[in-house]
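Student: Can you keep this structure in mind? I'll have questions shortly.
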Amino acid sequence: MRFEIMRLDDRNGTAVESTVVDASAVDKIVQQAAAIGQRIYIRPAD
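Basically my numbering = 1-based index in the sequence shown + 10.
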């Protein structure tokens, strides 16, 4: 399964970057974002 991960702007919450990754990469990206306090939005990719 593939997921789209969008990095969100800290001020207004709009997506500033989007990446589609395999399910195996999601955990690593979430851990990295959590470590630096970055906001992300994850949804299944088409």
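Positions of the beta carbon are idealized from the N, C-alpha and C atoms, including for glycine.
Which of helix, strand or coil does DSSP assign to Asp37?
Tutor: Here the question's residue 37 lines up with position 27 in the sequence shown. If DSSP states are grouped into helix, strand and coil, Asp37 belongs with the helices.
Student: On a CA-only basis, which of Asp37, Arg17, Phe13 is nearest Ala25? Give me that one, please.
Tutor: Numbered from 1 along the sequence shown, position 15 holds the residue referred to as residue 25. Nearest of Asp37, Arg17, Phe13 to Ala25, Cα basis: Arg17.
Student: When the distance is taken between beta carbons, is Ile46 closer than 8 Å to Phe13?
Tutor: Your numbering for residue 13 matches position 3 in the sequence shown. Your numbering for residue 46 matches position 36 in the sequence shown. Taking 8 Å as the Cβ cut-off, Phe13 and Ile46 do not qualify as a contacting pair.
Student: Over what stretch of residues does the beta strand (DSSP E) that includes Met16 continue unbroken?
Tutor: For this step, residue 16 is matched to residue 6 along the sequence shown. Looking at the DSSP string, the run of the beta strand (DSSP E) that includes Met16 is 12 to 18.
Student: Within a Cβ cutoff of 8 Å, which residues of the same chain sit near Pro54, ignoring the five residues on either side of it in sequence?
Tutor: Against the sequence shown, residue 54 aligns to sequence position 44. Hits under 8 Å: Met11, Arg12, Phe13, Glu14.
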